[in-house]
Each structure stands twice: as C-alpha cells, then as structure tokens.
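The sequence shown: position 83 = 506 (the numbering used here), numbered continuously.
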Amino acid sequence: MIRIFLQVSVSMDPMKCILFDIDGTLIHSHTHHNQFYRETIQEILGLDPKTIPWESFTNITDDGVVRDVYLHHFQEVIEEDRFLKFKKTFTEKIQRSIEEDPSLYPEISGAGRFLDSLEEKNIPFGIITGSWLIPAREKTKNARIDIEKYPISTSEDAPDRNGIILETLKKLKSLHSIEEFSEVIYFGDGLWDWRASRELGLKFIGINSMGNDLLKKNGVPTVFQDYLEKDKIFREIGIV
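Encoded structure:
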C-alpha cells in the first residue's frame, strides 16, 4: 500500500527538465569548430570542402557528417581506421587552438550563471551535443562550464541529434527516478536543433549567438541573444 502511494505521489508531481546544446548555445565556438572540421575533411579525406553539398546532410553531428560526406563522395562506408584518424586529427586541432589562444570558446553571456541558477532551483537539466566528448570538454574549459558534471550525451552516444537528445533524457529520467517529465525544454542555436525539437515534441528556446536572426527568420517563436535576461527567460519557460 505504501509503495503504491509513493508511486502515485511521484507521478502526480509535475517536473520539467531542460536540455542545452553546447556549440553556439552555451559557448561561442562555431567559427573555429567549422574551420577545423573542414580542414580535417581536406587533410584526411582528400576532399575540397568547397565542393561538398553541406546542406544536403541531415545528421549534423561530428560523427554523422564525416560518415555522410564519405558515403556521398566514395559510395562506401568510411573505414574505421580512417574515421578514427579523422576524429584524432580534429580533436588535436581543437586542443592546439586552445594552447595557442586560451581566450577561444568563451561562454555565451550569462550561460554559466544561468546553469548555476537552475541548480539552485533544483531544476533537472542536461547537456546534448553533436560534438565528440573530448573536443566538447576542451572547448567548454575556458567558459568554466563543467559539462561532465551534468547528464550529457554526445555524438559518440547516437548517430543523430534526435538520438543524442533521447539518450540525455534517459539519463535524466534515471537520475530523478521519473518515468516522464511534464515538459522538456530545449535550448539550441541551429536549425537542426529547431527541427529536432519539433520532431520530438519539445518546447524550443532559440539562442541567437551568431546575431544573424536565422532562427527568427525560420519561424522560431522564442529567441534570446544570450542569458543575461535570466528572469525573462525563466518566465518564458514557466520557472519561478
């Protein structure tokens, strides 16, 4: 009888959770990340990045893009040795860039404080990223955001963004002993984030870190430049 009562109590207690993308959402990183990725495409795959139809690929993750590019151009699956060499080369470029310029990859204004506020309010949240774990860890060091402190899923956990999101949700549900959250809110900066949120039925909050209004132009209803208007963001997502 007690066990049944407790289960009912838990299920009746509405609990939201929040998911954050990393690149362009928590940190400024797209410019260098994309540059190094394209350089690695040329060095390891021998392809000119200018000739690649980037917009035709749907798995917008570090793992997915290189596999799709290789399949598109060579009509076969990339060999594991070549894939691992690509991953290693790209990771080393990220690491070397930080050694040469520690100021790279700063936080989106207010991001770290916003995460701290969520912790203070005991709001469940986790990290999803299309990046591989080691590059993601390196890039977030300068922003002083310890991504592995939270439930996180990366390009190594699932082949596409939807799968990565579902992996972090699974970890959050296990951590908080809950079957379903009353609402899942996803903060992202890319059109692929917007698409994934619609496909999975998540509330989407856009971060216009590039200052190009791309999300607004594509119909995203709620977009912030950064996290400095913390209270306004909390009101938007229904957290007091």
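Backbone N, C-alpha and C define an ideal beta-carbon position, used for all residues, glycine too.
Small disclaimer: the values here were computed from a predicted structure and weren't measured.
Rounded separation between residue i and residue j - CA only
i, j, result
"Phe647", "Ile550", "19 Å"
"Asp471", "Ser597", "44 Å"
"Lys516", "Lys594", "30 Å"
"Arg618", "Asn631", "16 Å"
"Ile570", "Arg505", "28 Å"
"Glu466", "Ser600", "46 Å"
"Ser520", "Asn457", "13 Å"
"Tyr493", "Ser479", "13 Å"
"Gly634", "Gly533", "16 Å"
"Asn585", "His495", "22 Å"
Beta carbon of residue i nearer than 8 Å to that of residue j
i, j, result
"Thr591", "Ser576", "yes"
"Ile483", "Gly553", "yes"
"Glu606", "Lys439", "yes"
"Thr645", "Glu659", "yes"
"Lys544", "Ile662", "yes"
"Glu395", "Leu556", "Because the chain here runs from 424 to 663, residue 395 falls outside it and cannot be looked at."
"Ile445", "Pro529", "no"
"Pro558", "Phe513", "yes"
"Gly629", "Val643", "yes"
Same chain only: Cβ atoms within 8 Å of residue i, ignoring 5 sequence neighbours per side
i, result
"Phe537", "Tyr650, Lys653 and Ile656"
"Asp524", "none"
"Asp485", "Tyr460, Lys510, Phe513, Gly553, Ser554, Trp555, Pro558 and Ser578"
As assigned by DSSP and simplified to three states, the class of residue i
i, result
"Val646", "strand"
"Glu622", "helix"
"Val607", "strand"
"Asp616", "helix"
"Gly549", "strand"
"Glu478", "helix"
"Asp446", "strand"
"Ser597", "helix"
Neighbourhood of residue i by C-beta, 6 Å cutoff - its chain only, sequence neighbours within 5 removed
i, result
"Ile441", "Phe548 and Ile608"
"Gln518", "Glu561"
"Asp612", "Gly447, Thr448, Ile630 and Ser632"
Burial state of residue i, where buried means 16 or more other Cβ atoms lie within 10 Å
i, result
"Gly447", "buried"
"Arg415", "Outside the modelled stretch of the chain, which goes from 424 to 663, sits residue 415, for which no answer is possible."
"Glu542", "exposed"
"Leu638", "buried"
"Thr463", "buried"
"Asp636", "exposed"
"Ser526", "exposed"
"Phe627", "buried"
Contacting residues, own chain, Cβ-Cβ under 7 Å from residue i (five flanking each side not counted)
i, result
"Pro437", "Ser605"
"Tyr573", "Phe548, Gly549 and Ile550"
"Ser452", "Asp446, Tyr528 and Lys562"
"Ser540", "Lys653"
"Asp583", "Asn482, Thr484 and Gly487"
heavy atom of the ligand SAM below 7 Å from residue i C-beta
i, result
"Glu543", "Ligands displayed in this structure: none; no statement on the ligand SAM is therefore possible."
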